[in-house]
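Asker:
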Amino acid sequence: MKTIEGTFLQFWASMREVSAAQWALELDAMRAAKMRMIILQWTQADGKNLFEPPDPFPTILDLAHRRGVKVVFGLRHDGRWWREWGNADYLREEAEESTALAREVHRRYGKHPAFAGFYIPYELWDGSFTETQVENLRGLLRTIGSACRQVAPGKPVMLAPFFAGLLSPERFEQLWLSLLQDKPVDVVALQDGVGARGWDEQIEQRVPPYFAAMQRACKQRGVKLWCDLECFRLTNSNPSRPAFAPASAERILQQLKAVSPYVERVVTFDFYHYMSPYRGEAQKALYEGYLKLIAGKQAG
30 MKTIEGTFLQ
40 FWASMREVSA
50 AQWALELDAM
60 RAAKMRMIIL
70 QWTQADGKNL
80 FEPPDPFPTI
90 LDLAHRRGVK
100 VVFGLRHDGR
110 WWREWGNADY
120 LREEAEESTA
130 LAREVHRRYG
140 KHPAFAGFYI
150 PYELWDGSFT
160 ETQVENLRGL
170 LRTIGSACRQ
180 VAPGKPVMLA
190 PFFAGLLSPE
200 RFEQLWLSLL
210 QDKPVDVVAL
220 QDGVGARGWD
230 EQIEQRVPPY
240 FAAMQRACKQ
250 RGVKLWCDLE
260 CFRLTNSNPS
270 RPAFAPASAE
280 RILQQLKAVS
290 PYVERVVTFD
300 FYHYMSPYRG
310 EAQKALYEGY
320 LKLIAGKQAG
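Number 144 in this note's numbering belongs to position 115 of the sequence shown; there are no gaps in the numbering.
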């Protein structure tokens with residue numbers, strides 16, 4: 030069974046004020062849990078650069094490097110994505126903005142020894158896309174991925190799509206065979222959907238068929254498959270305003286067992302908000318439960 034090797038970090042502007050001492054504590058807690066990678070979900074949110082002074086990322090990079098942790102930099106988050114993804118002009122504009130941001134991010138941080146690649150924040154799903162839509166979305170990924178590889182040869186480019194059961198696993202596989210044509214990214218970290226969709230009691234039925242399908246597509250296209258394991262749980266039934274809280278270590282164990290046969294690595298979303306022992310009692314309980322889980326695995 031795989032264990033969690035890293036975490037996404039959903040970085041908001043308010044987090045720029047977190048002190049170096051607090052980041053050090055967070056990173057120490059991550060390392061104690063055997064995590065060695067941070068994936069910054071984005072460095073620009075709705076047009077605002079998160080590296081404007083005071084830039085938090087050099088501190089995070091330095092602290093990470095001292096602990097043997099690598100940092101992958103997410104690019105541009107744009108709230109219009111969810112309503113404009115089918116607009117070809119919008120996708121071209123986003124590709125241009127994202128490639129410019131990739132160059133700026135690399136200029137700032139690319140020479141740091143902890144810098145480990147790029148993450149494309151646009152989330153794709155199991156939609157019934159037309160051939161033209163697939164072609165346009167693939168073009169978005171190809172343009173951004175090519176720019177990232179140009180500025181940072183040898184560093185991986187990541188993507189984290191999700192599924193909601195809208196397509197059969199077979200159609201999902203065919204969709205991703207098409208989207209991954211010409212290998213626009215190096216790593217697909219497929220979201221397991223358990224937390225976002227409240228699949229706590231349906232993990233075995235819901236998750237493995239789609240990971241098996243994505244595994245086949247990725248293998249054919251030469252792309253690595255990881256799992257983006259959701260360490261939170263859904264606490265209400267309002268789809269327009271969902272609320273979340275930390276999951277249990279027992280549920281995390283079920284998720285790990287479900288995806289381990291299909292993926293090379295597991296990362297989680299996200300340690301800071303749902304698993305850090307410094308963020309609340311429920312987070313601390315999950316963290317301590319997970320430490321016992323991996324200690325038991327090592328003992329076994």
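All residues carry an ideal CB built from backbone N, CA and C; glycine is no exception.
Specify the secondary structure class of W111 as computed by DSSP and reduced to three states.
Answerer: Of the three classes helix, strand and coil, the one that applies to W111 here is helix, per DSSP.
Asker: Look up Y148 in the DSSP assignment and say whether it is helix, strand or coil.
Answerer: The answer is strand: DSSP assigns Y148 an E or B state.
Asker: Rank Q51, V236, A246 by C-alpha distance to the C-alpha of D331 and give the top, closest one.
Answerer: Because the chain spans 30 through 329 in this model, residue 331 falls outside it and cannot be assessed.
Asker: Does the segment 134-149 come within contact of the segment 200-210, defined as at least 3 CB pairs closer than 8 Å?
Answerer: No: the two stretches stay apart, fewer than three of their Cβ pairs being nearer than 8 Å.
Asker: Looking at C-alpha atoms only, which residue of L320, N78, A131 is the closest neighbour of K184?
Answerer: Comparing Cα positions, the closest option is A131.
Asker: Going by alpha carbons, who is nearest to A193 out of K313, A181, W154, T36?
Answerer: When each option's Cα is compared against that of A193, the closest is W154.
Asker: Hey, which unbroken runs of the alpha helix (DSSP H) at 4 residues or more fall wholly within the segment 59-108?
Answerer: Listed in chain order, the complete alpha helix (DSSP H) runs (minimum 4 residues) inside the segment 59-108 are 86-95.
Asker: Leaving aside the five residues before and after G174 along the sequence, list all residues of the same chain whose C-beta is less than 6 Å from its C-beta, in chain order.
Answerer: Excluding sequence neighbours, G174 sits near V186, P213, V214.
Asker: Identify every residue that forms a DSSP beta bridge with L219.
Answerer: Answer is C256, bridged to L219.
Asker: Have a look at L56 and E34 and give me their C-alpha separation to the nearest angstrom.
Answerer: Straight-line Cα distance between these residues: approximately 13 Å.
Asker: Please list, in chain order, all residues of the same chain as W114 whose beta carbon is under 6 Å from its beta carbon, the five residues on each side excluded.
Answerer: If we look at W114 and ignore the five residues flanking it on each side, it has no Cβ neighbours.
Asker: Touch check for the segment 233-247 and the segment 272-279: three-plus C-beta pairs under 8 Å?
Answerer: The segment 233-247 vs the segment 272-279: no contact.
Asker: Entirely within the segment 156-209 and at least 3 residues each: give me those beta strand (DSSP E) ranges in chain order.
Answerer: As far as the segment 156-209 is concerned, its whole beta strand (DSSP E) runs of at least 3 residues are 186-188.
Asker: Under a three-way DSSP split, which group does L315 fall into?
Answerer: Helix, per DSSP.
Asker: Would a C-beta distance cut-off of 7 Å place V295 and K31 closer than the cut-off?
Answerer: Yes, these two residues count as a Cβ contact at 7 Å.
Asker: When you compare only the Cα positions, how much space is there between T172 and A49?
Answerer: T172 and A49: Cα-Cα distance of roughly 35 Å.
Asker: Examine the Cβ distances between the segment 80-91 and the segment 121-131 and report whether three or more of them are shorter than 8 Å.
Answerer: With the cut-off at 8 Å, the segment 80-91 and the segment 121-131 do not touch.
Asker: In angstroms with no decimal places, state the Cα-to-Cα distance between R105 and S289.
Answerer: Those two C-alpha atoms are separated by around 30 Å.
Asker: Report buried or exposed for W255, applying the criterion of at least 16 other Cβ atoms within 10 angstroms of its Cβ.
Answerer: With 16 or more other Cβ atoms within 10 Å, it is buried.
Asker: For chain C, is any of its Cβ atoms less than 7 Å away from the one on P238?
Answerer: Absent here is chain C; the protein component of the structure consists of one chain.
Asker: Name the one or two DSSP bridge partners that T264 has.
Answerer: DSSP, once it has assigned bridges, lists no residue as partnering T264.
Asker: Measure the CB-CB distance between G103 and P150 and report whether it falls below 7 Å.
Answerer: A contact, by the Cβ cut-off of 7 Å.
Asker: Between A74, V163, S43, G325, which lies nearest to L120 when the distance is taken from Cα to Cα?
Answerer: Of the candidates A74, V163, S43, G325, the one whose C-alpha sits nearest the C-alpha of L120 is V163.
Asker: Tell me whether E34 sits in a helix, a strand or coil according to DSSP, three-state version.
Answerer: If DSSP states are grouped into helix, strand and coil, E34 belongs with the strands.
Asker: V236 by DSSP, collapsed to three states: which one?
Answerer: V236 falls in the coil class under three-state DSSP.
Asker: What are the start and end residues of the alpha helix (DSSP H) that includes A124?
Answerer: Here the alpha helix (DSSP H) through A124 covers 117-138.
Asker: Within the same chain, show all residues whose beta-carbon is closer than 8 Å to that of A93, passing over the 5 residues directly before and after it, in chain order.
Answerer: Counting only Cβ-Cβ distances below 8 Å, and skipping sequence neighbours, we find L56, I67, K99, V100, A143.
Asker: How long is the line joining the alpha carbons of R270 and A225, rounded to whole angstroms?
Answerer: C-alpha separation (whole angstroms): 12 Å.
Asker: Give me the residue from F37, A62, A53, V47 with the minimum Cα distance to K313.
Answerer: Nearest of F37, A62, A53, V47 to K313, Cα basis: A62.
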